[in-house]
Every structure is written in C-alpha cells, then in structure tokens.
Amino acid sequence: MVQLKTGAAYLNGRFLPLAEARVSPLDRGFLYADGAYEMIPVYSRHAFRVDEHLRRLRHTLDGIRLADPHSDAEWKAIVERLIADADFEDQAVYIQITRGADDQRDPCFPPGVPPTVFLFTSPLVRPTVAQRETGVAAITAPDIRWGRCDFKTTALLANVLARQLAADAGCAETIMLRDGYLTEGSSTNVFAVRDGVILTPPQDHLILPGITSNVVLELAAAHRAPLEIRPVREEEMRMADELWLTSSGKEILAVVTLDGRPVGQGANAGKPGPVTRRMHDWFCAYRDEVMRHGQR
C-alpha cells in the first residue's frame, strides 16, 4: 500500500493527496450547501466513538433525504485507511457527503446523480495547556439558525457568523440564545453548574447531539454527579457557578468569562471550577482507557 503524505484524502472511491482532490463547481454542496458532514477525532491512530459518529451521520442523511452511500463496515475501512496513511498520530477525520453534481442548477433533487463522498485527515487541534488551566472567554449572541440544528449539514453560515463574532471579540466561542434560553455554541455544546448541579439543555431539534456531550452525560451518571437535562434559562446560565464547552476538538473546556464578566463568584470567579475539573479528569481517564483497549 502506498503511503500518502499529510493531507491524505478520499474522493468518490479514490485515495489521493488532498491537494489533488477536485470537485465539480456544479456540485450541490457548493451551490446549495446540500450535504452532511462529520468530524471524528483520532487518538494514537484510534478513531474515538466512531459508531456514534456514524449513527449521527446517518441521522443527518435520513433527515435531508440523502441515501447513505456506505455501510458502517465500509465507512470504517475508509476511515482506517486514511488514519493509517497519515503521518501524525492524533488526527481529525472529516467526512462530507453531498447530493452530487448535476448539469443544471435546479433546487429539486436530481434523479440518478451519485453523491459526492469526500474525506480527509488532518492533525487534531486541541486546546493548549494554558487554555486548559486558565479557561477561555466566550460571548453570547442570538441563535439565528434554522429549525433543524440536530442535522449536521454543511449549511453552516450562521455558525460561521457566530464564530466570527467571538473571534472579533478575542474570545474562544459564541454561546447562542433563543427566546431567552440557552441552546449551544457555534461549534460546541454547553454545560452550566449551579449549586453543584450540572445543567444542560435537552437534545431536541434546536441542538446538535454532541458525541462528547453524550460522554459527559454518561460520566455524570456513572459517577452519580447531580445532573439536570432541561431547558436552561439565560439568567441561569449568566448566574452559573461554572460553565464549560464540549466538542470533539475542545473536549471539555472551561468558560471563565462571559460577555466580559467573570463566571462564578467569590474565590472561584473567573477560574475553571471544581466540577469542570473533575469532569475533565473523568473524560481524560475514560478516553485513555478506551484508546488503550483499542475500542472504536
């Protein structure tokens, strides 16, 4: 097997260097953002929670009425080949499927057009040691996205705009609010802690079900940590003792200032709190145990 260089990719049945991948300008992913995607984190060349990522991918494909082009076994074989051929240990494997390229720009689904299947791998970018130790800043903004945020589609302009607001403010994330309630971050799920109780919104159509956030829920149950999954009011979040973000890239990352104000009160104000630190430790121990046994 030929070893591919950094930037290895898979496109419609072919493994090739990422720089050589080409997609038609008539692809519906380009014209309409008509597609689904996933990002699978890889630790020491082991894909993390790959079954859950593929299940979420299928949920999105079913939701946008796009047939899944591969079985789970086929997806795993492609992912494992990319992982093996990359020249770095910790990776992010990106999967994108669009409705393909037609010869007309017609919004209706084109009959008989094969989907475009694209994957590539890159180094996994994780928070720095300083970010882990001191936490990060976030801002809030109205949630202006469409009504099916549980689909992980490539139509990400609203998320991009929210993320840019954070970048413009020198912050790590924008936490979004809808009708006075917390939804999620531009690319993260959000947890709050009040009086020792972990709070997070239910995973409905307004929130993307996060793979890492589900690990957090499992760990909270396993360690019998007080947890409430319910709508979280904006004022509850602003008065929280602790806040943290979860995602495949950020894992568990404390938010220590929100809209320029410290999170929490007293001696712990503006610092990662004890519940956040415990959850991060539990997550790291779980992740390392899973990877040690090669579970995918």
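Once you know that position 276 of the sequence shown is 463 in the numbering used here, the rest is easy, because the numbers rise by one and skip nothing.
Just so you know, even glycine gets a beta-carbon here, dropped at the ideal spot from N, CA and C.
- Task: Starting from the Cα of Gly372, find the closest Cα among Leu406, Glu476, Arg332 and give me that residue.
- Result: Check the Cα spacing between Gly372 and each of Leu406, Glu476, Arg332: the tightest is with Arg332.
Gly222 (DSSP reduced to helix, strand or coil):
Reduced to three states, the DSSP call for Gly222 is strand.
Taking the straight line between their C-alpha atoms, what separation do you get for Ala273 and Ser309?
Cα to Cα, the separation comes out at about 8 Å.
Problem set entry | When Arg448, Leu440, Gly447 are compared against Pro461, the one with the closest alpha-carbon | Of the candidates Arg448, Leu440, Gly447, Leu440 places its Cα closest to the Cα of Pro461.
Hey, out of Ala317, Ile362, Gly250, Ser211, whose CA is closest to Gly334's CA? Minimum Cα distance to Gly334 is reached at Gly250.
ask   = Can you tell me whether DSSP reads Gly250 as helix, strand or coil?
value = Here Gly250 sits in helix by DSSP.
Residue nearest to Val323 in terms of C-alpha spacing, selected from Ala354, Phe305, Pro418: Comparing alpha carbon positions, the residue from Ala354, Phe305, Pro418 closest to Val323 is Ala354.
| request: In angstroms with no decimal places, state the Cα-to-Cα distance between Leu386 and Gly299. | output: Approximately 46 Å between the Cα atoms of the pair.
So Leu241 and Gly436 are supposed to be a Cβ contact under 8 Å. How far apart are they, rounded? No, Leu241 and Gly436 are not in contact; Cβ-Cβ is about 18 Å, not under 8 Å.
- Message: Quick test of your reading: His392 and Asp330, contact by CB under 8 Å. State the CB separation rounded to the nearest angstrom.
- Response: About 12 Å separates the two Cβ atoms, so there is no contact after all.
Quick one: Cα of Ser374 to Cα of Asn199, how far? Taking the straight line joining both Cα atoms gives about 27 Å.
Limits of the unbroken beta strand (DSSP E) element including Thr444: Per DSSP, Thr444 belongs to the beta strand (DSSP E) from 438-445.
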